[in-house]
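Per numbering that gives the first Met the number 0, residue 0 is the first one in the sequence shown, and the count goes up by one each step. First up is the structure itself, then whatever we jot down about it.
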Amino acid sequence: MQSIIEYFLHLPFWELLAVSLSIAYVVLVARNNSWCWPAAFISTLIFTIIFYDVSLLMESLLNVYYMVMAVYGWYRWQNSNLLTANNSLPVCKWPVIKHVQLICCLSLISLSLGWFMDNYTDADYAYLDTFTTVFAIATTYLVTIKLLENWLYWFVINSVSVFIFLQKGLEPTAVLFAFNILMCIIGYVNWNKLHHSQQNEQELSVASTR
């Protein structure tokens with residue numbers, strides 16, 4: 000724990016700001032607060048520059064994608080034609096078959112890219128690392144449409160990421176992702192309650208019009 004505290008105390012200002020805003024994003028999105036998207040935009044903008052500066056080009060490109068999705072997420076949560084009476088985008092759910100189709104599709108992509116990374120690059124944990132990247136890209140979109148089950152996807156993604164970071168000796172980063180796992184549980188509970196509340200309101204609204 001002491002080494003983790005020292006790690007954060009010695010982080011450069013911009014990196015510390017990016018990490019702090021990333022934590023703020025997770026907390027705010029779990030609380031269904033649309034200000035999560037500005038926090039995400041600024042943190043990913045900083046990470047884009049940081050990763051580019053140290054020649055981690057794929058990580059930099061991934062954060063460009065996150066930055067674009069932060070803009071889309073803010074717009075979607077504020078301007079969707081599905082907004083409820085209190086100007087909030089409702090939480091939605093998908094049938095199981097739709098999740099099975101998505102998981103199968105993403106798994107095939109992960110296996111294909113993982114095979115390439117394993118055979119043509121020096122990547123460690125090529126399949127697991129590719130799995131977390133591919134699923135994270137898709138799951139970020141699921142957050143923008145307020146899909147309840149996005150938290151279940153993030154739970155698995157973050158759990159695998161914790162394993163990878165521990166194996167690579169990145170304990171502080173692993174702690175951050177362990178915190179994200181906790182927020183996945185809190186986020187799912189909060190969004191599930193909100194979903195049931197919205198369903199009840201909708202049923203009452205339909206009943207009152209009869």
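Beta carbons: idealized from backbone N, C-alpha and C, even for Gly.
Query: Does the distance from the CB of Trp13 to the CB of Trp36 come in under 8 Å?; Result: no
Query: Under DSSP, the alpha helix (DSSP H) around His14 begins and ends at which residues?; Result: One detail in the question is off: residue 14 reads as Glu in this sequence, not His. Its alpha helix (DSSP H) spans residues Phe12 to Ala29.
Query: Just checking, does the stretch 160 to 174 make contact with the stretch 127 to 137 on the three C-beta pairs under 8 Å criterion?; Result: yes
Query: Ends of the alpha helix (DSSP H) at Asp123?; Result: First-last for Asp123: undefined, no H or E at that position.
Query: Shortest alpha-carbon distance to Ile180 belongs to which of Ser109, Asn32, Tyr124 and Asn157?; Result: Asn157
Query: Can you name the start and end residues of the alpha helix (DSSP H) that Arg90 belongs to?; Result: In the sequence as presented, Arg is not what sits at residue 90; that position holds Val. Premise fails: Val90 is in no alpha helix (DSSP H) and is neither H nor E.
Query: In whole angstroms, give me the CA-to-CA distance for Pro11 and Asn199.; Result: 48 Å
Query: Helix, strand or coil for Leu146? Go by DSSP, reduced to three states.; Result: strand
Query: Would you report the Cα separation of Pro94 and Ala39, rounded to the nearest angstrom?; Result: 29 Å
Query: Using C-beta distances below 6 Å, list every residue in its chain close to Thr139, excluding the 5 sequence neighbours before and after it, in chain order.; Result: Met68
Query: Under 6 Å Cβ to Cβ from His194, same chain only, skipping five residues before and after it: list those, please.; Result: Val90 and Leu147
Query: Less than 8 Å between the CB atoms is what I'm expecting for Val159 and Asn149, so what's the real figure, rounded?; Result: In fact, because the Cβ distance is near 16 Å, the residues do not count as touching under 8 Å.
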